[in-house]
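*Asks:* What follows is a single structure, and I will ask about it in a moment.
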Amino acid sequence: NAGVTQTPKFRVLKTGQSMTLLCAQDMNHEYMYWYRQDPGMGLRLIHYSVGEGTTAKGEVPDGYNVSRLKKQNFLLGLESAAPSQTSVYFCASSGHVGQPQHFGDGTRLSIL
Amino acid sequence: QQQVKQSPQSLIVQKGGISIINCAYENTAFDYFPWYQQFPGKGPALLIAIRPDVSEKKEGRFTISFNKSAKQFSLHIMDSQPGDSATYFCAASRRGFKTIFGAGTRLFVKA
């Protein structure tokens, strides 16, 4: 009964380093999303996917890339981390766009 | 057109009181209005949702009131408890399109 699992839970990076955040869902959902959450700004959509092999830009896509090679996994990459990318990142999935989303517990990322 | 404006940013309520969080939207095409509850260190979780064909939906102590003409909806938490202390997000969407979230309200219920 895992739902949406994100790894890692915490990470500290230096400016310019790269990393990949992993998201896995076991609900056979077609749609997956990556959000960032910053104080006072709610949840902002970075990228999303409407199915295996597809990705699309959200509200704040710059500096991030994503891949959806398997239906159950959605990866978020930072090629060259910047301090402005310090945030809490949430992955979510849903059966369809506009339906209730199921969220993971987040990855807390600090970039020094 | 795509914004969902949420207020207040933070709210302190005495135990047993009523907590009220308001949201307003602009896009009349929205047809699904969920509320999410988020505890510290956790991801948001669906709390209650409403569609615009009804004016009110109640689940236990949680009620959504919906005013289609004013393009506003609100969450009421009756008999608020310390365990209700969390961040609440309203959202709006329509089938086939992305969900738009409000900025969130941090609720603290004093014992």
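Top line first, the protein sequences correspond to chains W and L. Quick note: the first sequence, position 99, residue 99 per our numbering, numbers continuous. Take any residue in the second sequence, count from 1 to its spot, add 1000: that is its number in our numbering. Every residue gets a Cβ at the ideal spot worked out from N, C-alpha and C, and that includes glycine. Just so it is clear, the structure is predicted and the values come from calculations on it, not from any experiment.
Could you list which residues in chain W have their beta carbon closer than 8 angstroms to that of Ala1049(L), in chain order?
*Replies:* Along the second sequence, read from residue 1 onward, the residue named residue 1049(L) stands at position 49. Per Cβ cutoff of 8 angstroms: Pro100.
*Asks:* Taking 8 angstroms as the cut-off, decide whether the C-beta atoms of Met19(W) and Ser93(W) are in contact.
*Replies:* In the first sequence, residue 19(W) corresponds to position 19, counting from 1. In the first sequence, residue 93(W) corresponds to position 93, counting from 1. Result no, Cβ atoms of Met19(W) and Ser93(W) do not sit closer than 8 angstroms.
*Asks:* Given this structure, state the Cα-to-Cα distance separating Arg11(W) from Thr107(W), to the nearest angstrom.
*Replies:* Counted from its first residue, the first sequence places residue 11(W) at position 11. Counted from its first residue, the first sequence places residue 107(W) at position 107. Cα-Cα distance, rounded: 8 angstroms.
*Asks:* Starting from Asp105(W), find everything on chain L with Cβ-Cβ shorter than 8 angstroms and list it in chain order.
*Replies:* Here residue 105(W) is taken as the residue at index 105 of the first sequence, counted from 1. What Asp105(W) touches in chain L: Gly1041, Lys1042, Gly1043.
*Asks:* Taking just the CA atoms, how far does Ser87(W) sit from Leu109(W)?
*Replies:* Counted from its first residue, the first sequence places residue 109(W) at position 109. Counted from its first residue, the first sequence places residue 87(W) at position 87. Answer to the nearest angstrom: the Cα atoms are 6 angstroms apart.
*Asks:* Can you tell me where the beta strand (DSSP E) with Phe90(W) in it begins and where it stops?
*Replies:* Start at 1 with the first residue of the first sequence, and residue 90(W) comes out as number 90. First-last of the beta strand (DSSP E) with Phe90(W): 87 to 94.
*Asks:* Specify the secondary structure class of Gly1083(L) as computed by DSSP and reduced to three states.
*Replies:* As a working note, residue 1083(L) is residue 83 in the second sequence. Three-state result, Gly1083(L): helix.
*Asks:* Helix, strand or coil for Pro1044(L) per DSSP?
*Replies:* Numbered from 1 along the second sequence, position 44 holds the residue referred to as residue 1044(L). Three-state result, Pro1044(L): coil.
*Asks:* When you compare each of Gly1060(L), Ile1064(L), Ile1050(L) to Gln1081(L) by their alpha carbons, which one comes out closest?
*Replies:* By one-based count along the second sequence, residue 1081(L) stands at place 81. Comparing Cα-Cα distances from Gln1081(L) to each of Gly1060(L), Ile1064(L), Ile1050(L), the minimum goes to Gly1060(L).
*Asks:* Chain L beta carbons: is any one of them nearer than 8 angstroms to that of Leu45(W)?
*Replies:* Along the first sequence, one-based indexing puts residue 45(W) at 45. Interface residue, yes.
*Asks:* If you measure from the beta carbon of Phe74(W) to each beta carbon in chain L, is any gap under 8 angstroms?
*Replies:* To locate residue 74(W), count along the first sequence from 1; it is residue 74. Not closer than 8 angstroms to any Cβ of chain L, the Cβ of Phe74(W) fails to qualify, so no.
*Asks:* Hey, is Thr1105(L)'s beta-carbon within less than 8 angstroms of any beta-carbon in chain W?
*Replies:* Counted from its first residue, the second sequence places residue 1105(L) at position 105. No, no contact with chain W.
*Asks:* Go ahead and label Leu112(W) buried or exposed: buried means 16 or more other beta carbons lie within 10 angstroms of its beta carbon, across all protein chains shown.
*Replies:* The sequence position of residue 112(W) within the first sequence is 112, counting from 1. Leu112(W) is exposed by the Cβ-count criterion.
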